[in-house]
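For the sequence shown, our numbering begins at 54 and goes up steadily by one.
Just so you know, even glycine gets a beta-carbon here, dropped at the ideal spot from N, CA and C.
Accompanying notes for the structure given below.
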Amino acid sequence: MDVSKIKNPSFLKDLSHQELEQLSSDIRKFLIETCSVTGGHIGANLGVVELTLSLHKHFNSPIDKILWDVGHQTYIHKILTGRGHEFSSLRQYKGLCGFPKMKESEHDVWEAGHSSTSLSAAVGMAKARDILGKDHHVVPVIGDGALTGGMALEALNHIGHDKTNLTIILNDNEMSIAPNVGAMHNMFARIRSNQNYNRFKFDAESLINRLPGRDLLKDSADKIKDSLKYLVVDGIFFEELGIKYIGPVDGHNFKALDEAITVSKQMDKPVLIHVVTKKGKGYKPAEKDIIGTWHGLGPYKLETGEVIKGSTEGPAWSTLMSDEVLAYAQHDKRIVAITPAMPVGSKLTKFQQTLPEQFFDVGIAEQHAVTMAAGLATQGMKPYVAIYSTFMQRAYDQLLHDVDRQNLNVLFGVDRAGLVGADGETHQGVFDVGFLSQFPNFTIMMPKDGNEAKNMIKTAFETKHGPMAIRYPRGNAPLLDDTKDSELIKLGSWNVERNGDDLTIISYGPTVSLVTDVADELLKEDIHINIVNARFIKPMDFEILHNLGKASKPIITVEEAMLTGGLGSQIATFMKDNDYHNNVRRIGINDTYIEHGEVGLLLEDIGISKSNIMSTVKSLIK
């Protein structure tokens with residue numbers, strides 16, 4: 054079948070298991086070929102082909118609400134709901150989103166790029182259904198990694214207490230972004246290995262229903278059944294919460310999926326179907342992945358699975374940061390590294406292998422990661438928390454209440470700061486400057502290059518500073534001068550990169566290079582730009598600011614972050630509060646979310662571009 058021509062999922066209801074298996078093969082072939090060009094979350098999607106087909110066969114989307122936790126496993130869902138013909142534009146500028154998107158389709162009933170949200174949203178949808186007197190199904194699909202998130206556990210507690218009628222699909226592939234960790238992961242492993250429980254349970258229920266006087270026997274039989282379940286299975290967690298457990302079910306077997314879903318639809322109470330799948334199924338390079346490389350990646354060679362890499366200069370920012378932290382940790386056992394399920398993405402696998410006792414992967418648990426770091430810091434340890442900017446948002450209260458308020462020496466490596474491109478608005482790292490700047494004790498830095506990053510790490514580990522964040526972007530750092538020794542940096546000190554009398558441009562991080570290019574171009578027109586590298590976003594360099602204020606020359610701020618709460622806003626406020634009269638123009642991200650697409654194109658849209666900065670300069674000095 055040409056899967057790109059599918060209009061809606063209704064045709065699935067008439068297909069046999071054999072026909073569904075052929076369709077599964079066709080979809081896998083289509084995904085493997087398409088994603089080799091566009092990149093994407095191929096591993097997760099290859100694992101849920103049969104599951105997605107079965108859900109759309111048995112439920113009537115969009116009347117029945119199918120919610121996808123995280124959302125990066127929705128490619129098959131998108132194909133079945135008429136978007137297969139758009140897959141050449143997947144994750145591309147103005148193209149098909151890699152996550153569910155309500156504006157794309159009525160079948161996308163929930164948008165998510167972060168994990169552990171589906172169950173809470175499903176409760177809300179189910180309560181709305183019940184209040185309004187409707188009778189459709191609500192079906193959240195959540196992975197075993199996401200289920201360990203605190204929010205998901207809170208929702209399970211509520212679902213069990215209220216007996217909310219839901220069909221929860223637990224997609225257990227033993228991996229999230231990285232191999233899963235923790236006690237719940239171990240529980241699922243035990244459940245997977247013991248399939249006798251449910252077989253006995255269903256047989257027992259069937260027998261009771263056939264016996265004369267079954268109502269009289271039911272209480273006693275239930276007690277026997279409940280006693281036996283503890284002997285047969287030690288993962289009885291869900292049933293104790295009041296949620297009917299079905300499984301484990303082979304997620305690649307249509308007959309088994311049919312039976313489980315059919316049983317669940319007959320129950321007027323919460324049901325969890327434990328589906329076991331294989332991430333990357335059908336494509337050997339993805340199947341062999343044991344550390345999470347195939348979670349999400351760029352274009353790859355179809356024959357081998359080898360990732361196609363462009364020409365790069367310098368090390369990856371994540372690698373530079375993690376290797377430098379490791380170098381310090383090897384000489385100071387007080388330095389530990391913590392990551393919320395991102396050892397591969399944050400390039401901490403080398404640290405993990407070298408110093409396992411000083412490394413902690415806490416799973417999808419950002420709040421726990423931050424407060425655990427705070428606890429470590431109270432005991433004189435020097436924790437380094439490697440966390441993506443977009444995921445740091447999830448621990449706002451912990452950053453404020455547990456770390457900053459107590460003024461603890463915790464270093465945060467804020468990875469993927471700035472625009473990240475293909476993953477789009479749920480993953481753009483553009484909000485952390487605004488919310489971290491509110492915290493009284495936080496020091497916020499962003500290096501322009503690798504050498505400056507090394508200096509910042511040295512400063513973090515060799516001075517008492519309170520909470521500190523070093524932001525760094527996706528991609529590669531400019532080439533290092535390895536002959537230079539790292540130096541301590543005075544907290545709050547900026548660096549004047551170039552002197553000029555006409556106008557000052559203040560920037561930080563990778564945009565310093567862009568601003569330098571602008572200054573080079575304008576010099577040809579006899580326009581002389583003063584460039585300031587605001588490597589400390591907080592605290593600001595007040596000496597430089599006072600000097601700029603007294604000079605009364607125009608100031609332009611350029612930052613790949615939200616303007617609200619950004620450095621530009623702080624500088625404008627400073628000038629106003631000190632009765633300076635500089636004309637201040639801010640270039641950054643205005644009050645909007647930034648969609649997916651190639652970073653260069655997005656920056657052009659925003660106005661963080663050479664042409665826009667040059668025109669802004671000319672408008673201020675004319």
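Among the options, the one whose alpha carbon lies nearest that of residue i
i	options	result
H384	D215, K435 and S69	K435
P66	D55, S89 and L133	Position check: residue 66 holds Lys in this sequence, whereas Pro was assumed. For the residues D55, S89 and L133, the minimum Cα distance to K66 belongs to L133.
G92	F140, H130, Q71 and E72	F140
K154	N494, F488, V123 and A199	V123
G528	H70, K322 and W370	W370
N17	V192, N583 and V302	The requested residue 17 does not occur in the structure, where the chain is confined to residues 54 to 675.
Y561	E515, D502 and L673	D502
A174	F152, K156 and I212	I212
K82	I642, F444, V324 and E356	E356
A97	I343, E366, V438 and I299	I343
S546	V585, E515 and P531	V585
E419	R182, A439 and A448	A448
F412	T346, I608 and V378	V378
V90	S142, K180, W121 and P115	S142
T51	L461, V637 and V670	Only positions 54 to 675 of the chain appear in the structure, and residue 51 is not among them; the question remains open.
V549	D183, M628, I597 and L533	I597
K386	Q432, I558, L104 and T330	Q432
F488	P607, A470 and G618	G618
W347	E410, A530 and L99	L99
K337	L350, G358 and P526	G358
D303	T315, K331, L294 and G295	K331
Buried/exposed call for residue i, threshold 16 Cβ in 10 Å
i	result
D414	buried
L620	buried
G186	exposed
E613	buried
F758	Not covered by the structure: residue 758. The range shown for the chain is 54 to 675.
N113	exposed
D554	exposed
T87	buried
K687	No information on residue 687 is available, as it lies outside the stretch 54 to 675 that the chain covers here.
S334	Ser is not the amino acid found at residue 334; the sequence shown has Lys there. Buried, because 16 or more other Cβ atoms sit within 10 Å of the Cβ of K334.
S622	buried
Nearest-angstrom beta carbon gap, residue j and residue i [assumed within contact, 8 Å]
i	j	result
S605	H634	6 Å
D161	D197	Not quite, the Cβ-Cβ distance comes to about 23 Å (not below 8 Å), so this is no contact.
I590	T610	With a Cβ gap of about 11 Å, I590 and T610 do not count as contacting.
K318	H190	7 Å
N218	K297	Not a contact, Cβ separation roughly 11 Å.
G151	H130	Going by Cβ atoms, the distance from G151 to H130 rounds to 12 Å, so no, they are not a contact pair.
Y441	V389	About 19 Å separates the two Cβ atoms, so there is no contact after all.
M521	D485	In fact, because the Cβ distance is near 13 Å, the residues do not count as touching under 8 Å.
Q459	A427	7 Å
V324	I299	6 Å
P393	G416	7 Å
Nearest-angstrom Cα separation, counted from residue j out to residue i
i	j	result
L84	I326	26 Å
L654	L556	27 Å
L68	V102	15 Å
L270	G203	For L270, the predicted structure reports a pLDDT of 46, less than 50, and the residue's modelled location is therefore unreliable. A value from the coordinates is still provided. Distance between the alpha carbons of L270 and G203: 39 Å.
N210	V194	17 Å
G148	V652	14 Å
G474	M593	29 Å
G641	E164	26 Å
A339	E292	34 Å
G398	V568	29 Å
T220	T201	18 Å
E515	H94	40 Å
A587	I559	6 Å
G367	R524	17 Å
T626	D658	26 Å
M178	H70	31 Å
M498	P352	32 Å
A382	E74	51 Å
P62	A208	29 Å
L544	P493	15 Å
Closer than 8 Å to chain B by CB, residue i
i	result
D502	Given the protein chain composition of this structure (a single chain), no chain B is represented.
(message) Below 8 Å, how does it come out for the segment 57-64 and the segment 296-312: are there three or more Cβ pairs, yes or no?
(response) Touching, no, given that fewer than three Cβ pairs across the two stretches are closer than 8 Å.
(message) Does the contact criterion of 3 or more C-beta pairs under 8 Å hold for the segment 570-580 versus the segment 660-673?
(response) When Cβ pairs closer than 8 Å are counted between the two stretches, the segment 570-580 is seen to touch the segment 660-673, the count reaching three or more.
(message) Using 8 Å as the cut-off, can you tell me whether the segment 525-539 makes contact with the segment 499-511, which would need three or more C-beta pairs spanning the two stretches below that distance?
(response) Touching, yes, given that three or more Cβ pairs across the two stretches are closer than 8 Å.
(request) Taking 8 Å as the threshold, find out whether the segment 157-172 comes into contact with the segment 107-122 through three or more Cβ pairs. (result) Cβ pair count under 8 Å is three or more, so yes.
(request) Flag this pair as touching only if the segment 471-480 and the segment 451-462 have three or more C-beta atom pairs under 8 Å; answer yes or no. (result) The segment 471-480 vs the segment 451-462: no contact.
(message) For the structure I just gave you, are there three or more beta carbon pairs, one from the segment 414-427 and one from the segment 455-475, closer than 8 Å?
(response) The segment 414-427 makes contact with the segment 455-475: 3 or more CB pairs, one atom from each, lie closer than 8 Å.
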